[in-house]
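Trainee: Handing you a structure now.
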Amino acid sequence: MQRFATARDAALEMRPDEPVYCFRPDVLKRDAQNFVSMFPGKTAYAVKTNGERLVLKTLAEAGIDAFDVASPAEFAAVRDVAPNAEMLYMHPIKAQSDIRLALEEYGIRVIAVDHEDEITKLTRVVRALDIDPGTLTIYVRIQTKGHAAYELSKKFGAGPANAVELIKRLSRYGFKVGLCFHVGSQIEDPDTYERALASADWVRSRAGVELAGLDVGGGFPAEYGHDPNRKKPEMPSLDELMARLRGDIEEWGFNELPLVAEPGRVIVARAFSLIVRVLLRKGRRIYINDGIWASLSDSWTGKITLPARFIPDPAIRNRNGSQDKLLPFKVCGATCDSVDILSRPFWLPETVDTGDWIEIGHIGAYSLSLRTRFNGFYPDTFVEVDTPFDAGTAPESFASLETMAD
Ligand SMILES: *Cc1c(COP(=O)(O)O)cnc(C)c1O
Numbered sequence: 001m002q003r004f005a006t007a008r009d010a011a012l013e014m015r016p017d018e019p020v021y022c023f024r025p026d027v028l029k030r031d032a033q034n035f036v037s038m039f040p041g042k043t044a045y046a047v048k049t050n051g052e053r054l055v056l057k058t059l060a061e062a063g064i065d066a067f068d069v070a071s072p073a074e075f076a077a078v079r080d081v082a083p084n085a086e087m088l089y090m091h092p093i094k095a096q097s098d099i100r101l102a103l104e105e106y107g108i109r110v111i112a113v114d115h116e117d118e119i120t121k122l123t124r125v126v127r128a129l130d131i132d133p134g135t136l137t138i139y140v141r142i143q144t145k146g147h148a149a150y151e152l153s154k155k156f157g158a159g160p161a162n163a164v165e166l167i168k169r170l171s172r173y174g175f176k177v178g179l180c181f182h183v184g185s186q187i188e189d190p191d192t193y194e195r196a197l198a199s200a201d202w203v204r205s206r207a208g209v210e211l212a213g214l215d216v217g218g219g220f221p222a223e224y225g226h227d228p229n230r231k232k233p234e235m236p237s238l239d240e241l242m243a244r245l246r247g248d249i250e251e252w253g254f255n256e257l258p259l260v261a262e263p264g265r266v267i268v269a270r271a272f273s274l275i276v277r278v279l280l281r282k283g284r285r286i287y288i289n290d291g292i293w294a295s296l297s298d299s300w301t302g303k304i305t306l307p308a309r310f311i312p313d314p315a316i317r318n319r320n321g322s323q324d325k326l327l328p329f330k331v332c333g334a335t336c337d338s339v340d341i342l343s344r345p346f347w348l349p350e351t352v353d354t355g356d357w358i359e360i361g362h363i364g365a366y367s368l369s370l371r372t373r374f375n376g377f378y379p380d381t382f383v384e385v386d387t388p389f390d391a392g393t394a395p396e397s398f399a400s401l402e403t404m405a406d
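Per my numbering, the sequence shown starts with residue 1, numbered consecutively.
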């Protein structure tokens, strides 16, 4: 892989017309180790966030030895780079053949369920393979409520009373039983985990079964940009949030249990940026060579403002306007359809023009993993970059006002 000091160097040397992913392995390692140091239990990286081989490999090198997986392809991807790593199969709704594959071929012994029919599938496979249920830990996923860019409680999780029944049943069958929740991605309310812990406590006290663990899922927010035209949500820093979570875990009496977290976004977001090119400027709109069907669907669905840095093409000699004046530009994506328009503008210098590049930062989560081949566009160029996206002070090059103020 080609290596550059900064994404700007990469852009000016490669002059790429296709999107380029800038991978920062050191940032990934540091963010992973930082999370591990703050969480008082096992850290299982959620593979769906970014399952690229180079990401999984770098995480394994950083000491991550547990992975949250959801599909046969994810089992294989983890096994391939980290043969001894533990896999936690935390998708609550599974094909019976996939459960069998997980237990038989991959030796997976930690599984999540949120419905009695999932327990039926599981027990069928366990009997067929003649496995002692006491060697499996089954986490019952409970519903949670809260505010996140992605809310998941409508899709997964058993209501509290139902969860009590599921725990009792699993325990009768001889499984070890844990409780898990996943509050959704990019939480926007610091009370989210506490509310989920309160529900977990309610369920635990009524189930009357000794629990084998508590899995608090993912949802830990990554840092993004901020649209100056909108009210800035009040969120504590990750340090503060984790301190609070540790306090809440203790307060609700879960600190004696083995704990698990399944962070994705917070670990991998900063590890990548993306260089895109302005294919056309049309007034206050820019058309770029990536979009919601490729690397930018998460920012679209989650209405996330991405931090962006302007990389002017030095070959453009005559520019109009002032490079110190930042304006919001509507961003249109690469494909021939009307949906491919970002939900948040990029703040760019008035001088931005056809041929310039933009480095979009903190794009490691739910970007490459969600790209499609729609319309024949499939970004797949990677370079390694040494300098973190946030490093350095070059105000003229920053596209979001917030970053400019730094
Ligand atoms: C997606 C997912 C995660 C990771 O969520 P992040 O918000 O990226 O941390 C963790 N656990 C489960 C069950 C998930 O589905």
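Glycine is no exception: its CB is placed at the ideal position from the N, C-alpha and C atoms.
With DSSP as the reference, label Leu259 as helix, strand or coil.
Mentor: strand
Trainee: If you run the structure through DSSP and keep just helix, strand and coil, what is Arg100?
Mentor: helix
Trainee: Have a look at Ser297 and Asp132 and give me their C-alpha separation to the nearest angstrom.
Mentor: Approximately 43 Å between the Cα atoms of the pair.
Trainee: Do you know offhand how far Glu194's Cα is from Arg244's?
Mentor: Looking at the two C-alpha atoms, the distance is approximately 9 Å.
Trainee: Using a 10 Å radius around the Cβ and a threshold of 16 neighbouring Cβ atoms, would you call Asp340 buried or exposed?
Mentor: buried
Trainee: Do Thr58 and ligand 1 come close, with the Cβ less than 7 Å from some heavy atom?
Mentor: no
Trainee: Can you tell me which of Gly107, Lys154, Ala261 and Gly51 puts its alpha carbon nearest to the alpha carbon of Val81?
Mentor: Gly51
Trainee: To the nearest angstrom, how far is it from the Cα of Arg309 to the Cα of Glu359?
Mentor: 5 Å
Trainee: Is it the case that the stretch 258-276 contacts the stretch 358-375, given that we only count it when at least three CB pairs across the two stretches are under 8 Å?
Mentor: yes
Trainee: Cβ atoms of Gly321 and Glu350: under 8 Å apart, would you say?
Mentor: yes
Trainee: Would you report the Cα separation of Ala102 and Thr305, rounded to the nearest angstrom?
Mentor: 38 Å
Trainee: Can you tell me where the alpha helix (DSSP H) with Trp202 in it begins and where it stops?
Mentor: Per DSSP, Trp202 belongs to the alpha helix (DSSP H) from Thr192 to Ala207.
Trainee: Determine whether the beta carbon atoms of Glu18 and Thr381 lie at a separation below 8 Å.
Mentor: yes
Trainee: Decide if Pro236 is buried, meaning its Cβ has at least 16 other Cβ atoms within 10 Å, or exposed.
Mentor: exposed
Trainee: Helix or strand or just coil, what does DSSP make of Arg270?
Mentor: If DSSP states are grouped into helix, strand and coil, Arg270 belongs with the helices.
Trainee: Measuring CB to CB, does Gly174 end up less than 8 Å from Gly134?
Mentor: yes
Trainee: Out of Leu327, Asp117, Ile64 and Glu262, point me to the one whose CA is closest to Thr49's CA.
Mentor: Glu262
Trainee: Excluding five sequence neighbours on each side, which residues of the same chain lie with their C-beta closer than 6 Å to the C-beta of Pro345?
Mentor: Pro328, Phe329 and Lys330
Trainee: Excluding the five sequence neighbours on either side, which residues of its own chain have a C-beta within less than 8 Å of the C-beta of Pro40, listed in chain order?
Mentor: Arg246, Ile249, Asn255 and Leu259
Trainee: Which residue or residues does DSSP assign as beta-bridge partners of Met87?
Mentor: Phe67
Trainee: Classify Val81 as helix, strand or coil using the three-state DSSP reduction.
Mentor: helix
Trainee: Can you tell me where the beta strand (DSSP E) holding Trp347 begins and where it ends?
Mentor: Phe346 to Pro349
Trainee: Given Arg124, which residues of its chain have a CB within under 8 Å of its CB, disregarding the five upstream and five downstream residues?
Mentor: Gln96
Trainee: Go through the stretch 279-324 residue by residue and report every complete run of the alpha helix (DSSP H) that reaches 4 residues or more, in order.
Mentor: Within the stretch 279-324, the complete alpha helix (DSSP H) runs of at least 4 residues are 297-301.
Trainee: Could you pull the start and end residues of the alpha helix (DSSP H) that Ala163 belongs to?
Mentor: Pro160 to Arg172
Trainee: Out of curiosity, what's the CA-to-CA distance linking Gly217 and Val352?
Mentor: If I take the Cα positions, the gap works out to 41 Å.
Trainee: Among residues of its own chain, excluding the 5 on either side of Thr387, which ones have a beta-carbon nearer than 7 Å to its beta-carbon?
Mentor: Ala5 and Thr6
Trainee: Considering only DSSP beta bridges, list what Ala46 is partnered with.
Mentor: Asp68
Trainee: Measuring only from the beta carbon, is Thr354 closer than 7 Å to any heavy atom that is part of ligand 1?
Mentor: no
Trainee: Tell me whether Gly218, by its Cβ, gets closer than 7 Å to a heavy atom of ligand 1.
Mentor: yes
Trainee: Quick check: the stretch 25-39 against the stretch 52-59, are there 3 or more CB pairs under 8 Å?
Mentor: yes
Trainee: Please tell me whether, using a cut-off of 7 Å, the distance from the CB of Pro263 to the nearest non-hydrogen atom of ligand 1 is below it.
Mentor: yes
Trainee: Using C-beta distances below 6 Å, list every residue in its chain close to Ile111, excluding the 5 sequence neighbours before and after it, in chain order.
Mentor: So the qualifying residues of the chain are Tyr89 and Ile138.
Trainee: In terms of alpha-carbon separation, which member of Gln143, Lys154 and Ser171 lies closest to Ala161?
Mentor: Gln143
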